[in-house]
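In the numbering used here, the protein residues as written are 9 to 292. Single-structure report; data block below.
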């Protein structure tokens with residue numbers, strides 16, 4: 009009886025200990041290489057402040073930059089996965105230009121089989137899929153097109169401020185205001201569609217943009233699980249990272265925009281859809 013009780017108590021403790029050891033198994037990666045790094049939290053790495061709502065994702069990932077200002081680079085942990093944060097501008101230039109062929113893949117990849125929408129994004133691609141997407145998108149970011157984009161950004165910003173000033177004294181949440189302004193600018197540059205999320209707070213582009221960028225709740229949990237379990241599990245269970253109706257909304261917009269411009273010979277400066285249309289991975 010006593011032995012059975014001891015086994016009953018010891019087994020959960022052993023499982024918890026093994027889980028703990030697994031969660032920190034990679035955390036000696038930078039220590040063995042004498043690379044400075046902020047202390048990670050078991051399982052969550054350096055993302056815990058972001059997941060706990062204490063900081064933004066960028067602040068969590070860039071903590072090493074402020075903690076080790078004299079270092080050329082530092083380490084960080086995306087959950088259990090190690091990654092490098094480059095501080096030095098000359099080193100960054102070498103990585104992104106001279107030695108770029110050695111740094112083409114991203115640390116967090118999503119298979120199109122798991123999520124056809126997110127999986128096509130350059131931020132979550134690797135290998136040939138990334139190269140094809142980059143080749144299709146790069147022509148949209150020439151010097152002249154970037155200047156045109158900046159003019160559009162300035163125009164939208166000025167217009168939004170003027171509309172706000174018309175009502176006299178205004179009190180607005182800064183985060184919400186800049187989210188809406190950013191949504192309008194990106195919608196115009198990407199699709200050539202005018203939106204006014206400041207005056208029309210419930211427009212469909214802003215609503216779907218918010219849902220697409222959610223990092224909490226069920227969607228945030230699925231993103232977390234996708235970093236620790238094989239993609240085959242998501243495929244088997246039929247789970248997607250992006251809500252299906254949100255993905256369908258953007259795919260429909262892209263498809264109709266490309267089709268309309270091809271049929272009517274319409275060109276919109278700085279717009280990436282003309283370049284995407286020529287890509288072998290274009291949404292059809």
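Don't be surprised by glycine CBs; every beta carbon is placed ideally from N, CA and C.
Helix, strand or coil for residue 89, going by three-state DSSP, please let me know.
For the purposes of this step, residue 89 is identified with residue 81 of the chain shown, where counting begins at 1. Residue state, collapsed to three classes: strand.
Among the residues of its own chain, which have a CB less than 6 Å from the CB of residue 76, if the five just before and after it don't count?
Numbered from 1 along the chain shown, position 68 holds the residue referred to as residue 76. 44 and 82, listed in sequence order.
Note down the Cα distance separating residue 272 from residue 225, rounded to an integer number of angstroms.
For this step, residue 272 is matched to residue 264 along the chain shown. For this step, residue 225 is matched to residue 217 along the chain shown. The alpha-carbon atoms of residue 272 and residue 225 are separated by roughly 43 Å.
Alpha carbon to alpha carbon, how far is residue 24 from residue 122?
Along the chain shown, read from residue 1 onward, the residue named residue 24 stands at position 16. Along the chain shown, read from residue 1 onward, the residue named residue 122 stands at position 114. Distance between the alpha carbons of residue 24 and residue 122 is about 30 Å.
How about the segment 189-203 and the segment 151-167: do they share at least three Cβ pairs that are nearer than 8 Å?
yes
Looking at C-beta atoms only, is the number of pairs between the segment 235-247 and the segment 212-220 that lie closer than 8 Å three or more?
no
Using CA atoms only, rank isn't needed, just tell me which of 91, 127 and 173 is closest to residue 55.
The sequence position of residue 55 within the chain shown is 47, counting from 1. Per the Cα distances, 91.
Threshold first: 4 residues or longer. Then list the alpha helix (DSSP H) segments lying entirely within the segment 34-120, N to C.
37-40, 56-59, 65-69, 71-75 and 97-101
Out of 85, 119 and 70, which one is the CA nearest neighbour of residue 234?
Position 226 of the chain shown, counting from 1, holds the residue named residue 234. Answer by Cα proximity: 119.
With DSSP as the reference, label residue 211 as helix, strand or coil.
Position 203 of the chain shown, counted from the first residue, corresponds to residue 211. DSSP places residue 211 in coil when its eight states are reduced to three.
If you draw a straight line from the alpha carbon of residue 140 to that of residue 254, how long is it in whole angstroms?
In the chain shown, residue 140 corresponds to position 132, counting from 1. In the chain shown, residue 254 corresponds to position 246, counting from 1. Going from the Cα of residue 140 to the Cα of residue 254 covers about 25 Å.
For residue 35, I'd like the list of residues in its chain whose CB is within less than 6 Å of its CB, leaving aside the five on either flank, ordered along the chain.
For the purposes of this step, residue 35 is taken as the residue at position 27 of the chain shown. Contacts found: 48.
Can you grab the Cα-Cα spacing for the pair residue 153 / residue 143, in whole Å?
In the chain shown, residue 153 corresponds to position 145, counting from 1. In the chain shown, residue 143 corresponds to position 135, counting from 1. Computed Cα separation, rounded: 16 Å.
Beta-carbon separation of residue 133 and residue 117 under 8 Å?
Within the chain shown, the letter at position 125 stands for residue 133. Within the chain shown, the letter at position 109 stands for residue 117. Contact flag set, yes.
Say yes only if the C-beta of residue 261 is nearer than 7 Å to one or more non-hydrogen atoms of the ligand COA, and no if none qualify.
Looking at this structure, you won't find the ligand COA or any other ligand, since it has none at all.
For chain C, check one thing: does any of its Cβ atoms lie closer than 8 Å to the Cβ of residue 129?
As a matter of chain content, chain C is missing from the structure shown, which is built from one protein chain.
With DSSP run on the structure shown, which of helix, strand or coil describes residue 234?
The residue given as residue 234 occupies position 226 in the chain shown. Helix at residue 234.
Out of curiosity, what's the CA-to-CA distance linking residue 64 and residue 84?
Taking the chain shown and counting its residues from 1, one reaches residue 64 at position 56. Taking the chain shown and counting its residues from 1, one reaches residue 84 at position 76. In a straight line, the C-alpha of residue 64 is about 15 Å away from that of residue 84.
When you compare the CB positions of residue 157 and residue 197, do they come within less than 8 Å of one another, or not?
Taking the first residue of the chain shown as position 1, residue 157 is located at position 149. Taking the first residue of the chain shown as position 1, residue 197 is located at position 189. Yes, the pair counts as a contact, with Cβ atoms nearer than the cut-off.
Going by other Cβ atoms of all chains shown within 10 Å of its Cβ, with 16 needed for buried, is residue 250 buried or exposed?
Position 242 of the chain shown, counting from 1, holds the residue named residue 250. Buried: at least 16 other Cβ atoms inside 10 Å.
Every unbroken alpha helix (DSSP H) within the segment 146-229, with a cutoff of 4 residues, ordered by chain
151-173, 182-199 and 212-220
Can you tell me which of the three DSSP states residue 129 falls into?
For the purposes of this step, residue 129 is taken as residue 121 along the chain shown, with counting starting at 1. Of the three classes helix, strand and coil, the one that applies to residue 129 here is coil, per DSSP.
On a Cα-Cα basis, can you pick out the residue from 15, 150, 247 and 46 that is closest to residue 93?
The residue labelled residue 93 in the question sits at position 85 within the chain shown. Closest option to residue 93, Cα to Cα, is 46.
Does the distance from the CB of residue 125 to the CB of residue 259 come in under 8 Å?
As a position in the chain shown, residue 125 is number 117, starting the count at 1. As a position in the chain shown, residue 259 is number 251, starting the count at 1. The answer is yes: Cβ separation under 8 Å.
DSSP state of residue 24, grouped into three classes?
Along the chain shown, read from residue 1 onward, the residue named residue 24 stands at position 16. Residue state, collapsed to three classes: helix.
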